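Colleague: Attaching a single structure in structure tokens format; questions to follow.
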Amino acid sequence: MFDILIVGGGMVGASLAVALKPLKLQVGLIEAFHFGAAEQPSYDDRSIALAYGSSRIYQGMGLWNKLHSGVEAIQHIHISDQGHFGATRLAAAQEHVPALGYVVESRVLGKLLYAELASGEIAQYVPATVFAVQQDADCVIVSIERDEVVESLQTRLLVVSDGVNSKVREMLGIAVTRCEYHQTAVIANVTTAEPHCHTAYERFTPHGPLALLPLTQGRYSLVWTHQDAEVAATMQLSDAAFLCKLQAEFGYRQGEFTRVGQRAAYPLVLQKSVCEVAGRAVVIGNASHALHPVAGQGLNLGLRDVATLADLLAEAVQTGTDPGSATLLSVYEQRRQPDYAAVVQYTDTLVRVFSNDFAPLGHARAGGLLAVDRVPALRHWITRQSMGLNHRQARLSRGLGLRV
11 MFDILIVGGG MVGASLAVAL KPLKLQVGLI EAFHFGAAEQ PSYDDRSIAL
61 AYGSSRIYQG MGLWNKLHSG VEAIQHIHIS DQGHFGATRL AAAQEHVPAL
111 GYVVESRVLG KLLYAELASG EIAQYVPATV FAVQQDADCV IVSIERDEVV
161 ESLQTRLLVV SDGVNSKVRE MLGIAVTRCE YHQTAVIANV TTAEPHCHTA
211 YERFTPHGPL ALLPLTQGRY SLVWTHQDAE VAATMQLSDA AFLCKLQAEF
261 GYRQGEFTRV GQRAAYPLVL QKSVCEVAGR AVVIGNASHA LHPVAGQGLN
311 LGLRDVATLA DLLAEAVQTG TDPGSATLLS VYEQRRQPDY AAVVQYTDTL
361 VRVFSNDFAP LGHARAGGLL AVDRVPALRH WITRQSMGLN HRQARLSRGL
411 GLRV
């Protein structure tokens, strides 16, 4: 029997599995697809925004020194509203931290996590699919199919991290609330004439936010929100026409846009599970919460799930407590709720207030950006929110290893 069985080997599920290695528990990981091969670097590598708080989580896991050379630091964030005066400027130096956050290619982070998993301490079922979940008082029975063979696995705690469209969450009977923004994110890597100098941009437009995140090799990661009806036309543009349209939306603060790589698009929603716990099972990461990418909070919220759950499981090992006990999972749910509520409200408010061309509201937004820029206490709160520090800090979130 496993102590902990994790369903979903994406960034959050794999991070949890690695975080738990020092506890010497019996841990298993189920993933439906082969882990990504270590393909060659490409201009079109997709990237992830890691808040400063998330870098501390990986530091506590002992991974940051291995990852640090492959990330690009965000030392400045410039926030503006198209067509209105006023801007907010956030700086790492003002908060006395080395960076507000970092941008890392998904390939680089994934390669590191899967290398850590290859040590053999974590039992891996890859590729395998879960087709049934049954709970009793002492364990969860998970039925999987792997290589056309059916197996039953038992675990004292089931952690569900299989994404926004989680099948296992549905099997557990956990409902979700869902809000459609009728927006789609167009993502691509782009290059500008001027060097990025570790500066990220968040530019609000009537169609939705446009973000540029500094990447290695002088590139920017672009996340450009469109209304659903406008996406097809933008995706069909030639590279030259795409860059021309992007230039008109963003302006010339970075000079001319000179190159764009492959484009992709994905719909944006706000989705939240109505609870995190069902019996001996807990949902984390995108299985629990899916957010609009504005302010780059999604993965970082999931990594704080990892930090909190790992902290509680370390305490359970010390005290000999059942890792799937109702008490432990209730404490987990209580500790995570304030962070969920704050981040959901923060991101949803930004989307609704700034994706609006109502003129009086535009003037109010401009005043708000100026206020944040000029009122230190307000700027400090916004900066800490972007760094993922406005919440209860688990040991990993403070850059400390788990107690073993």
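Residue numbering for the sequence shown follows this note's numbering, starting at 11 and increasing by one per position. Just so you know, even glycine gets a beta-carbon here, dropped at the ideal spot from N, CA and C. Keep in mind it's a predicted model, so treat the numbers as computed, not measured.
Might you give, ordered along the chain, the residues of its own chain that have their beta carbon closer than 8 Å to the beta carbon of Ala374, omitting 5 neighbours on each side?
Modeller: Mapped onto the sequence shown, residue 374 falls at position 364. Summary for Ala374: the model assigns pLDDT 47, below 50, so the residue's position carries little reliability, and this model does not support an answer.
Colleague: Could you give the distance in angstroms between the alpha-carbon of Ile184 and the alpha-carbon of Ala288?
Modeller: For the purposes of this step, residue 184 is identified with residue 174 of the sequence shown, where counting begins at 1. For the purposes of this step, residue 288 is identified with residue 278 of the sequence shown, where counting begins at 1. For Ile184 and Ala288, the distance between alpha carbons rounds to 7 Å.
Colleague: My parser needs the beta strand (DSSP E) runs of 3 or more residues fully inside the stretch 128-193; what are they?
Modeller: Qualifying beta strand (DSSP E) stretches, in chain order: 133-135, 139-145, 150-156, 159-170.
Colleague: Quick check on Thr393: buried or exposed, where buried means 16 or more other Cβ atoms within 10 Å of its Cβ?
Modeller: Within the sequence shown, the letter at position 383 stands for residue 393. So Thr393 counts as buried.
Colleague: DSSP three-state label for Thr98, please.
Modeller: Taking the first residue of the sequence shown as position 1, residue 98 is located at position 88. Correct three-state label for Thr98: strand.
Colleague: Would you check if there are 3 or more beta carbon pairs closer than 8 Å linking the stretch 22-33 to the stretch 301-317?
Modeller: The stretch 22-33 is in contact with the stretch 301-317.
Colleague: Between Glu240 and the rest of its own chain, which residues show a CB-CB distance below 8 Å, the 5 nearest in sequence each way excluded?
Modeller: Within the sequence shown, the letter at position 230 stands for residue 240. For Glu240, where only same-chain residues beyond five positions count, the Cβ hits under 8 Å are His217.
Colleague: Verify whether the separation of the beta carbon atoms of Leu322 and Tyr350 is less than 8 Å.
Modeller: If you number the sequence shown from 1, residue 322 lands on position 312. If you number the sequence shown from 1, residue 350 lands on position 340. Cβ distance not < 8 Å, so Leu322 and Tyr350 don't count as in contact.
Colleague: Please state whether DSSP places Arg229 in a helix, a strand or coil.
Modeller: Sequence index remark: in the sequence shown, residue 229 carries index 219 (1-based). Looking at Arg229 - three-state DSSP - the assignment turns out to be strand.
Colleague: Taking all protein chains shown into account, do 16 or more other C-beta atoms lie within 10 angstroms of the C-beta of Pro303, making it buried, or fewer, making it exposed?
Modeller: The sequence position of residue 303 within the sequence shown is 293, counting from 1. Its Cβ being crowded by 16 or more others within 10 Å, Pro303 is buried.
Colleague: Quick one: grab the DSSP three-state call for His390.
Modeller: Against the sequence shown, residue 390 aligns to sequence position 380. Of the three classes helix, strand and coil, the one that applies to His390 here is helix, per DSSP.
Colleague: Which residues bound the alpha helix (DSSP H) around Ser248?
Modeller: Along the sequence shown, read from residue 1 onward, the residue named residue 248 stands at position 238. That residue, Ser248, is in no alpha helix (DSSP H); it is neither H nor E in DSSP.
Colleague: Nearest-angstrom Cα distance between Pro277 and Phe214?
Modeller: Position 267 of the sequence shown, counting from 1, holds the residue named residue 277. Position 204 of the sequence shown, counting from 1, holds the residue named residue 214. For Pro277 and Phe214, the distance between alpha carbons rounds to 18 Å.
Colleague: Pick from Glu266, Ser248, Leu110: whose alpha carbon is nearest that of Leu399?
Modeller: Walking along the sequence shown from the start, residue 399 turns up at place 389. Per the Cα distances, Leu110.
Colleague: Taking the alpha carbon of Ala102 as the reference point, which residue from Val118, Gln92, Glu115, Ala83 has its own alpha carbon closest?
Modeller: Working through the sequence shown from its first residue, we reach residue 102 at position 92. Comparing Cα positions, the closest option is Ala83.
Colleague: Would you call Glu204 buried or exposed, if buried means 16 or more other Cβ atoms sit within 10 Å of its Cβ?
Modeller: By one-based count along the sequence shown, residue 204 stands at place 194. Per the 10 Å Cβ criterion, exposed.
Colleague: What does the alpha-carbon distance come out to for the pair Asn175 and His299?
Modeller: Here the question's residue 175 lines up with position 165 in the sequence shown. Here the question's residue 299 lines up with position 289 in the sequence shown. The straight-line gap from Cα to Cα measures roughly 11 Å.
Colleague: Return yes when the Cβ of Ala324 is within less than 8 Å of the Cβ of Val414, no when it is not.
Modeller: As a working mapping, residue 414 is identified with position 404 in the sequence shown. As a working mapping, residue 324 is identified with position 314 in the sequence shown. Taking 8 Å as the Cβ cut-off, Val414 and Ala324 qualify as a contacting pair.
Colleague: At a threshold of 7 Å, does Leu311 count as lining the ligand ATP (C-beta to nearest heavy atom)?
Modeller: Absence of the ligand ATP from the depicted structure is noted, as is the absence of any ligand whatsoever, leaving it without description.
Colleague: What does the Cβ neighbour count give for Leu135, buried or exposed, with the cut at 16 atoms within 10 Å?
Modeller: As a first step, residue 135 is located in the sequence shown; it is residue number 125 there, counting from the start. According to the sequence displayed, residue 135 carries Tyr and not Leu. Buried: at least 16 other Cβ atoms inside 10 Å.
Colleague: Quick check on this structure: which residue in Leu163, Thr201, Leu168, Asp358 has the alpha carbon closest to the alpha carbon of Thr268?
Modeller: Position 258 of the sequence shown, counting from 1, holds the residue named residue 268. Closest option to Thr268, Cα to Cα, is Thr201.
Colleague: Which residue from Val178, Leu220, Arg405, Gln257 puts its Cα closest to that of Ile87?
Modeller: Here residue 87 is taken as the residue at index 77 of the sequence shown, counted from 1. That would be Leu220, whose Cα lies nearest to the Cα of Ile87.
Colleague: On the CB-based measure, 16 or more other CB atoms within 10 Å of its CB, does Glu259 come out buried or exposed?
Modeller: Counting from one through the sequence shown, the residue named residue 259 turns up at place 249. Glu259 comes out exposed.
Colleague: Quick check: what's the CA-CA separation for Phe124 versus His44?
Modeller: Counting from one through the sequence shown, the residue named residue 124 turns up at place 114. Counting from one through the sequence shown, the residue named residue 44 turns up at place 34. It is Tyr, not Phe, that sits at residue 124 in the sequence shown. Those two C-alpha atoms are separated by around 11 Å.
Colleague: Among Leu253, Leu30, Leu301, which residue has its Cα nearest to the Cα of Ile132?
Modeller: The sequence position of residue 132 within the sequence shown is 122, counting from 1. Taking only the C-alpha atoms, the option nearest Ile132 is Leu30.
Colleague: What is the residue span of the alpha helix (DSSP H) that Val22 lies within?
Modeller: One-based indexing of the sequence shown puts residue 22 at position 12. Element bounds for Val22: 21-29.
Colleague: Please check the pair Cys225 and Ala210, which I expect to be a contact at CB under 8 Å, by giving their CB distance rounded to whole angstroms.
Modeller: The residue given as residue 225 occupies position 215 in the sequence shown. The residue given as residue 210 occupies position 200 in the sequence shown. Correcting the residue identity first, residue 225 is Leu in this sequence and not Cys. Actually they do not touch by this definition, with Cβ atoms about 10 Å apart.
Colleague: According to the Cβ coordinates, are Ser231 and Ala317 closer than 8 Å?
Modeller: In the sequence shown, the residue the question calls residue 231 occupies position 221. In the sequence shown, the residue the question calls residue 317 occupies position 307. In this structure, Ala317 does not lie closer than 8 Å to Ser231 by Cβ.
Colleague: Mapping the DSSP letters down to three states, classify Arg269 as helix, strand or coil.
Modeller: Position 259 of the sequence shown, counted from the start, is the residue given in the question as residue 269. The answer is strand: DSSP assigns Arg269 an E or B state.
Colleague: If distances are taken between C-alpha atoms only, which option among Leu15, Thr98, Asp13 comes closest to Leu391?
Modeller: Position 381 of the sequence shown, counted from the start, is the residue given in the question as residue 391. Before going on, a small fix: residue 391 reads as Trp here, not Leu. Ranking Leu15, Thr98, Asp13 by Cα distance to Trp391 puts Thr98 first.
Colleague: Within its chain, find whatever has a CB closer than 7 Å to the CB of Arg179; leave out the 5 residues flanking it on each side and keep chain order.
Modeller: Working through the sequence shown from its first residue, we reach residue 179 at position 169. These residues qualify, in order along the chain: Val170, Ser283, Val293, Ala297.
Colleague: Taking only the alpha-carbon atoms, compute the straight-line gap between Arg290 and Gln307 and give it to the nearest angstrom.
Modeller: Residue 290 sits at position 280 when you count from the first residue of the sequence shown. Residue 307 sits at position 297 when you count from the first residue of the sequence shown. The alpha-carbon atoms of Arg290 and Gln307 are separated by roughly 27 Å.
Colleague: Could you name the residues of the same chain whose beta carbon sits closer than 7 Å to that of Leu33, not counting the 5 residues immediately before and after it, in chain order?
Modeller: As a first step, residue 33 must be located in the sequence shown, where it is residue number 23. Hits under 7 Å: Leu323, Ala324, Val327, Leu412, Val414.
Colleague: Per DSSP, Val292 is paired with what?
Modeller: Here residue 292 refers to the residue found at position 282 of the sequence shown. In the DSSP output, where bridge partners are listed per residue, Val292 has Val169, Val287.
Colleague: Are there 16 or more other CB atoms within 10 angstroms of the CB of Pro333, so buried, or fewer, so exposed?
Modeller: Indexing the sequence shown from 1 puts residue 333 at position 323. Pro333 comes out buried.
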